[in-house]
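Inspection log for the structure reproduced underneath, given as structure tokens.
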Amino acid sequence: LTGIEGHRVEARSQEFVIPQEVMLGAGQQLFDFAAHCLSEFLDAQPVSKQGLQLGFSFSFPCHQTGLDRSTLISWTKGFRCSGVEGQDVVQLL
142 LTGIEGHRVE ARSQEFVIPQ EVMLGAGQQL FDFAAHCLSE FLDAQPVSKQ GLQLGFSFSF
202 PCHQTGLDRS TLISWTKGFR CSGVEGQDVV QLL
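Under the numbering used here, the first residue of the sequence shown carries the number 142, and numbering increases by one thereafter.
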């Protein structure tokens with residue numbers, strides 16, 4: 142999260158541990174967990190009620206066909222969520 146006050150930018154971050162059952166469960170469970178973590182993070186920040194631009198980084202092998210379209214090729218790093226390989230991860234989010 143960055144906030145611009147004049148020319149000052151402040152970066153904020155928070156780490157969340159992904160439970161093993163989420164890493165191996167249904168894909169929807171993983172994306173629900175990510176949304177919950179983002180909501181928890183934003184609730185703890187002094188963010189105005191105006192819109193906030195976000196980026197989404199998904200560090201797995203994907204076939205990207207646009208800025209807002211990317212299909213998961215295969216899971217790595219111990220993840221094996223069902224229903225995600227071959228799907229557009231942006232739509233699942």
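In this text, a Cβ means the ideal position worked out from N, Cα and C, and glycines have one as well. Values in this document were obtained by computation on a predicted structure and should not be read as measured data.
Cβ pair residue i, residue j closer than 8 Å
i    : j    : result
L171 : F197 : no
Contacts around residue i, its chain only, beta-carbon distance under 6 Å, and the 5 residues preceding and following it disregarded
i    : result
L165 : R221
Simplified DSSP state of residue i, which is helix, strand or coil
i    : result
A185 : coil
E162 : helix
S223 : strand
Residue interval of the beta strand (DSSP E) (run including residue i)
i    : result
R213 : Residue 213 is actually Leu in this sequence, not Arg. Residues 210-213.
Beta-ladder partner(s) of residue i, from DSSP
i    : result
H204 : T212
E156 : In DSSP, E156 forms no bridge with anything.
Cβ neighbours of residue i in the same chain (closer than 8 Å, five flanking residues each side left out)
i    : result
C203 : S211, T212, L213, I214, V230
A167 : C222, S223, G224
Enclosing alpha helix (DSSP H) for residue i [first to last residue]
i    : result
Q232 : 230-233
Close beta carbons around residue i, own chain, < 7 Å, minus the five adjacent residues each side
i    : result
F182 : Q155
F157 : C178
D209 : V231
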